[in-house]
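To keep things clear, I will list the structure first and then write my remarks on it.
4 protein chains.
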Amino acid sequence: MKVFSWPARVYWEDTDGGGIVYYANYLRFLERSRTEWLRSLGFSQQALAREPGVLFAVVSIAVEYRRPARLDDELEVTCEPSVDGMVAIRFGQSILRAHEEKPLVTAQVRVACVDAQTMRPRKLPDALLNVLQ
Amino acid sequence: MKVFSWPARVYWEDTDGGGIVYYANYLRFLERSRTEWLRSLGFSQQALAREPGVLFAVVSIAVEYRRPARLDDELEVTCEPSVDGMVAIRFGQSILRAHEEKPLVTAQVRVACVDAQTMRPRKLPDALLNVLQ
Amino acid sequence: MKVFSWPARVYWEDTDGGGIVYYANYLRFLERSRTEWLRSLGFSQQALAREPGVLFAVVSIAVEYRRPARLDDELEVTCEPSVDGMVAIRFGQSILRAHEEKPLVTAQVRVACVDAQTMRPRKLPDALLNVLQ
Amino acid sequence: MKVFSWPARVYWEDTDGGGIVYYANYLRFLERSRTEWLRSLGFSQQALAREPGVLFAVVSIAVEYRRPARLDDELEVTCEPSVDGMVAIRFGQSILRAHEEKPLVTAQVRVACVDAQTMRPRKLPDALLNVLQ
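Chains as they are written, first to last, in our numbering: chain A, 19 to 151; chain B, 19 to 151; chain C, 19 to 151; chain D, 19 to 151.
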């Protein structure tokens, strides 16, 4: 099965005074890829927030920063989801420079489905569970 | 009358690969000062959003970047509000390095009071109009 | 002459608690478009920083926020440059929702060419002046 | 021994469209606390970058998001460092709402000392090793 991947370009906004991407900003790249994976399956987070009234909340993240990304770099951000019980999804993710094999950054992200009003855990939408299983 | 001022420290998150504060991030400093000015008068934006149900939306901004701020700089961010009709506030703002006289950045910001649901213009809360007049 | 335009997608990172794009974050979209315009002409900002040793610094910006962008919006960010003396470029820019005619945000941005070491004004690279004139 | 702690206030810039702090932005709060811990010991990161010519680079981070922070929240960000070999520091960190006992967010952060030019690992400055041991 082909791994989902989404491109990202490094702009000034992403860098810090050390000349490399600021460590928190890789998390923005990681989320873009998860959002685009959902979108590629036809899910709109805004539509899910209205019906059935759920949001996705990051519960935990573990990130390894191996080599830095720099201004103008073309990145690929992968996203390999697996279901984790009925309320959470685990994502294995990597950030690579385009056409390179060794990732700059790897991450394990656990995302829970929560009620849009109460923020309490909710069962993942069936349509999404079907895709993941 | 003493001008309202709020301190800000420059951290890695604020800088970019040029070694200076990224141009969009000065707008975060400007907003912190406006928010703290409101708070100093006893207004909570979250309370106003519930009752009478209004938010503040930036309508326009003009910024002059004269000299850059750098990592670790201690800044002072001033905020001089004046009422502009019944629905808007104009803020003259400056960002200075602490203990310096010449501003690094100056800004004119126009903020409108809008309905929290419809985002349409709404009259400023009376208590705030009283303070401004 | 066709106006340069670059797409941007609104992600969670761009929004704030009001459910709309945070006012400073539109400046990131504006800069991406200016950077991509330069790149489309074959200029690399990293190469220019080494030889002839220049950076581009935003000197002033005026932004009108007309209507807000929201999560998942597909935006187009235009960029119309004109030379301003020998050391600066003026950009007229707009942010539009894709397939709409009325801009959400319009901006006038003045960018100066500065020495990468001293941050003092420097003449624009000839190759860039030739393109702009 | 008293745990180092640094306050942070949640502003609009930190929130996202879900009405809570965006998950990447907690990493900014964490870094501010680490920077202020260093500063409290008399170390300037800018001075260290010049002499002996070292920077600190985050190597890995593990974050647990337990409960969200919201607009206007007053936070305390703790920072408990321990030396990890000769080139790295481990930080146990928590983000709490002021006057609460249960953390909103906990994090383990590993930071390496690297050469400011080559980005290769370098021994921690002796003065810092002395403090940590």
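By construction, the Cβ of each residue, glycine as well, lies at the ideal position given by its N, Cα and C atoms.
Terminal residues of the beta strand (DSSP E) in which residue i lies
i, result
"Ser78 of chain D", "Val72 to Tyr83"
"Phe22 of chain D", "Phe22 to Arg27"
"Phe109 of chain C", "Ala106 to Arg115"
"Thr96 of chain B", "Glu92 to Asp102"
Cβ-Cβ distance between residue i and residue j below 8 Å
i, j, result
"Arg88 of chain B", "Val21 of chain B", "no"
"Ser78 of chain A", "Arg46 of chain A", "no"
"Pro143 of chain D", "Leu66 of chain D", "yes"
"Ala116 of chain C", "Ala42 of chain B", "no"
"Phe61 of chain D", "Leu146 of chain D", "yes"
"Thr33 of chain D", "Asp34 of chain C", "yes"
Inter-residue Cα distance where the pair is residue i and residue j
i, j, result
"Gln64 of chain D", "Ser112 of chain B", "25 Å"
"Pro99 of chain D", "Glu49 of chain D", "13 Å"
"Tyr83 of chain A", "Tyr40 of chain A", "11 Å"
"Gly36 of chain B", "Leu59 of chain D", "28 Å"
"Glu54 of chain A", "Trp24 of chain A", "7 Å"
"Glu69 of chain C", "Cys97 of chain D", "42 Å"
"Arg85 of chain C", "Pro86 of chain D", "29 Å"
"Arg138 of chain D", "Arg138 of chain C", "32 Å"
"Ile38 of chain D", "Glu119 of chain A", "36 Å"
"Val123 of chain D", "Val123 of chain A", "22 Å"
Residue closest to residue i, alpha-carbon to alpha-carbon, out of the options
i, options, result
"Ile107 of chain C", "C:Pro121, C:Ile38, C:Thr124 and C:Lys141", "C:Lys141"
"Tyr125 of chain C", "C:Gly37, C:Thr136, C:Arg52 and C:Asp32", "A small fix is needed here, since residue 125 of chain C is Ala in this sequence, not Tyr. Considering only alpha carbons, the answer is C:Arg52."
"Gly110 of chain C", "C:Gly37, C:Ala116, C:Pro121 and C:Met104", "C:Pro121"
"Asp102 of chain C", "C:Arg85, C:Met137, C:Ala80 and C:Gln151", "C:Gln151"
"Ala80 of chain A", "A:Glu54, A:Pro86 and A:Tyr44", "A:Tyr44"
"Val149 of chain C", "C:Met104, C:Val123, C:Glu119 and C:Glu118", "C:Met104"
Residue interval of the alpha helix (DSSP H) (run including residue i)
i, result
"Gln135 of chain A", "Premise fails: Gln135 of chain A is in no alpha helix (DSSP H) and is neither H nor E."
"Gln64 of chain C", "Gln63 to Arg68"
"Tyr40 of chain D", "Careful: Tyr40 of chain D lies outside any alpha helix (DSSP H) and carries neither H nor E."
"Leu146 of chain D", "Asp144 to Leu150"
"Leu56 of chain D", "Tyr44 to Ser58"
Closer than 7 Å: residue i CB and nearest the ligand PLP heavy atom
i, result
"Leu146 of chain A", "Of ligands this structure carries none, so the ligand PLP is not represented either."
Q: Determine contact between the stretch 23-43 of chain A and the stretch 79-96 of chain A, defined as no fewer than three beta-carbon pairs at a distance below 8 Å.
A: By the Cβ test, the stretch 23-43 of chain A is in contact with the stretch 79-96 of chain A, since at least three Cβ pairs between them sit closer than 8 Å.
Q: Answer yes if the stretch 66-78 of chain D comes into contact with the stretch 123-136 of chain C, meaning at least three C-beta pairs across the two stretches below 8 Å, and no otherwise.
A: The stretch 123-136 of chain C, when compared against the stretch 66-78 of chain D, does not touch it at the 8 Å Cβ threshold.
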